[in-house]
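Residue numbers (our numbering), protein chains in the order written: chain A, 69 to 297; chain B, 127 to 374.
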Amino acid sequence: MVHRFGAATHGQTPSQTAGPYVHIGLMPRAAGFEGFGGEIGADIAGPDAPGQRISVQGMVLDGAGEPVRDAVVESWQADPDGRYASAADPRGSTVAGFRGYGRVAADFATGLFTIRTVKPGSVPVPVPGLGLGPGSVPVPGLRSGWGPGPGGGAMAPHLALWIVARGINIGLHTRMLFADEEAANAACPFLARIDPARRDTLLARAEGDGVYRFTIRLQGPGETVFLEV
Amino acid sequence: MSAPLRNAPVQPAPLLPTDWGVQPPALTPAYRTTVLRAPQRPLVAVPGTLTELTGPAFGDADIAPGDDDLLVNYGEGDPIGERIVLHGRVLDGMARAVPDTLVEIWQANAAGRYRHRNDSYLAPLDPNFGGCGRTLTGADGSYAFRTVRPGPYPWPNGPNSWRPAHVHFSVFGTAFAERLITQLYFEGDPLIPLCPIVDSIADPAAVARLTAVLDMDAAVPMDALAYRFDIVLRGRRATPFESRMEGT
């Protein structure tokens, strides 16, 4: 049956690669534009956010270990109090000017990107019925697979990341956590879900002065854990 | 444990699952760049936590006048090419409108050349065309852009590979987990079935959803043809799970 637009349909729109010229649409200044309006996602935290200012210096590597120089990485995070600046967070962020959303482009020559923001707080897992806490049990038919348990708890500070580039057919979701948040990480119900042998792929290393180093490996040894969210 | 839970907020409604049957797999070797960029391990499923069920909000302050009109938002004169209107609605999987969501587009000019420092195709740049547009959907999920129809262009995949004319679309929805980038193709373009990027999608009905159709009702007489392109995101389940307090 031939689909026609205008006919009622609820079928999801499929993804297509962002391609090599993604910057024109998402980060026009990186593409070499002058004069277009402000860059969306350029200021994650705003000027007045409390908390520790950090910069995440990272790179996306392909299966040959080469930097993906045309990647764009989007980030989404809570404020230092663990609240999202989103209508879908019933608490909401109370930090004026805090957006929580960012975009960075890999450098066309080196592949390096830098996310400048504030360190997020831990994010609660609020609903016992969807608890991620220790003791959560799989429930047949529930897509999440995680059902009733003691619930509660908090996910360790993290950035949700979404990676697009030429050669990536559908944007890749992952999370970056902080290696120096050892206690929070040890209690994190999200991290508990990840194969211990692969957790390292999600940890950014502190290098001092608020600088963290994070490498995303698209495939092969040390492949980053990518998520179905 | 019970004290914080008593104050716990209600979790936002979960999302409908991604329909993997319509999505391209990561690895599609005919599109050669995927060979070294496709993850080899399966995705790890995590339930919708607050992180995935929330997402950025955008407003009028993020958009400048003219951002939705690619005929005028770059340069001083009129760009070369077929003047067209691209319009449609952003909907969710329950066919509900997605209002106030950011829609961004980018495209080549009428000759198939991108205004990007990395595009070296021999076709000319157009001094009056940038190729970047943004808008917010209205209360009914509708959006519209004015632009020129992009040209097809060659790309270094096979010995003689050409992309069908296309416009890239970026959409947010209400949750970061709904984030979508895709491409609009034009009804009747003979390059569509030849393209390995299009062919990364196995389901012909899903490919058809990426094909904008000529919409004479929306064409502007003596001015511009129109093409209609609706975008369907996952959306949220109709009824959120109830929050159960501990001990009940």
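Ideal placement from N, C-alpha and C gives every residue a C-beta, glycine not left out.
Here the structure is a predicted model, which means the values were calculated and not measured.
Is the beta carbon of residue j closer than 8 angstroms to that of residue i?
i: D186/B; j: A223/B; result: no
i: P88/A; j: I327/B; result: no
i: R305/B; j: G239/A; result: yes
i: G131/A; j: Q287/A; result: yes
i: A234/B; j: G259/B; result: no
i: D188/B; j: A270/B; result: no
i: D116/A; j: A164/A; result: yes
i: I307/B; j: V216/B; result: no
i: T242/A; j: T283/A; result: no
i: T85/A; j: I231/A; result: no
i: A334/B; j: V274/B; result: no
i: G277/B; j: G238/B; result: yes
i: V140/A; j: A303/B; result: no
i: A345/B; j: R354/B; result: no
i: V198/B; j: G79/A; result: no
i: A156/A; j: P138/B; result: yes
i: G109/A; j: G170/A; result: yes
Taking the alpha helix (DSSP H) that residue i falls in, what are its first and last residues?
i: I92/A; result: 90-94
i: A332/B; result: 330-334
i: F246/A; result: First-last for F246/A: 240-246, but that is the beta strand (DSSP E), not the alpha helix (DSSP H).
i: F258/A; result: 257-260
i: A252/A; result: 250-254
Residues in the same chain with beta-carbon distance under 8 angstroms from residue i, minus the five sequence neighbours each way, listed in chain order, please.
i: D175/A; result: R137, F181
i: V161/B; result: L153, P155
Which residue comes first and which comes last in the beta strand (DSSP E) that contains residue i?
i: E142/A; result: 140-145
i: T177/B; result: Premise fails: T177/B lies in the alpha helix (DSSP H), 176-179, not in any beta strand (DSSP E).
i: T230/B; result: The residue asked about is misnamed: residue 230/B is Glu in this sequence, not Thr. 228-233 is the span of the beta strand (DSSP E), which, as asked, contains E230/B.
i: A228/A; result: 226-232
i: I210/B; result: 209-217
i: I307/B; result: 306-312
i: S287/B; result: 287-289
i: S296/B; result: 292-297
i: H262/B; result: Correcting the residue type first, residue 262/B is Leu in the shown sequence and not His. First-last of the beta strand (DSSP E) with L262/B: 258-262.
i: P280/B; result: 279-281
i: R137/A; result: Unbroken run through R137/A: none, as it is neither H nor E.
i: R354/B; result: 351-354
Is any heavy atom in the ligand NAP found nearer than 7 angstroms to the beta carbon of residue i?
i: R273/A; result: This structure does not include the ligand NAP; it has no bound ligands of any sort.
Any idea which residues DSSP pairs residue i with across the strands?
i: Y157/B; result: Answer by DSSP bridge pairing: none, since Y157/B is not bridged.
i: F181/A; result: G126/A
i: R273/A; result: R281/A
i: A171/B; result: E296/A
i: M223/A; result: V191/A
i: T273/B; result: I210/B
By Cβ distance, which residues of its chain are closer than 6 angstroms to residue i, with the 5 residues on each side in sequence left out?
i: I318/B; result: P290, Y311, V324
i: L271/A; result: L245, A247
i: P140/B; result: G174, R363
i: R243/B; result: none
i: Y240/B; result: A234
i: P150/B; result: S326, I327
i: F166/A; result: A113, G114, A117, D147, A153
i: M371/B; result: Note that M371/B scores 36 on pLDDT, short of 50, meaning its location in the model is unreliable and no value can be drawn from it.
Within the same chain, show all residues whose beta-carbon is closer than 7 angstroms to that of residue i, passing over the 5 residues directly before and after it, in chain order.
i: G290/A; result: T269
i: V191/A; result: A146, G150, A222, M223
i: I92/A; result: A99
i: D315/B; result: P290, A291
i: I231/B; result: G259, F271, V293, H294, F295
i: R211/A; result: Annotation note: pLDDT 35 at R211/A (below 50); position unreliable, coordinate value reported separately. Closer than 7 angstroms at the Cβ level, and outside the excluded window around R211/A, lies no residue.
i: C321/B; result: R289, P290
Task: Three or more C-beta pairs below 8 angstroms linking the stretch 274-287 of chain A and the stretch 110-124 of chain A - done: yes
TODO: Could you tell me whether the stretch 242-254 of chain B touches the stretch 172-181 of chain B, where touching means 3 or more Cβ pairs closer than 8 angstroms?
DONE: Contact between the stretch 242-254 of chain B and the stretch 172-181 of chain B is absent, with fewer than three C-beta pairs closer than 8 angstroms.
Task: Meets three-Cβ-pair contact criterion under 8 angstroms: the stretch 340-353 of chain B and the stretch 192-210 of chain B - done: Three or more pairs of CB atoms, one per stretch, sit closer than 8 angstroms, so the stretch 340-353 of chain B contacts the stretch 192-210 of chain B.
Open item on the list: With three or more C-beta pairs closer than 8 angstroms as the rule, is the stretch 295-306 of chain B touching the stretch 227-240 of chain B?
Closed with: yes
- [ ] Decide yes or no for the touch test of the stretch 164-174 of chain B against the stretch 149-169 of chain A: beta carbon pairs closer than 8 angstroms, at least 3 of them.
- [x] no
Open item on the list: Does the contact criterion of 3 or more C-beta pairs under 8 angstroms hold for the stretch 255-262 of chain A versus the stretch 221-234 of chain A?
Closed with: yes
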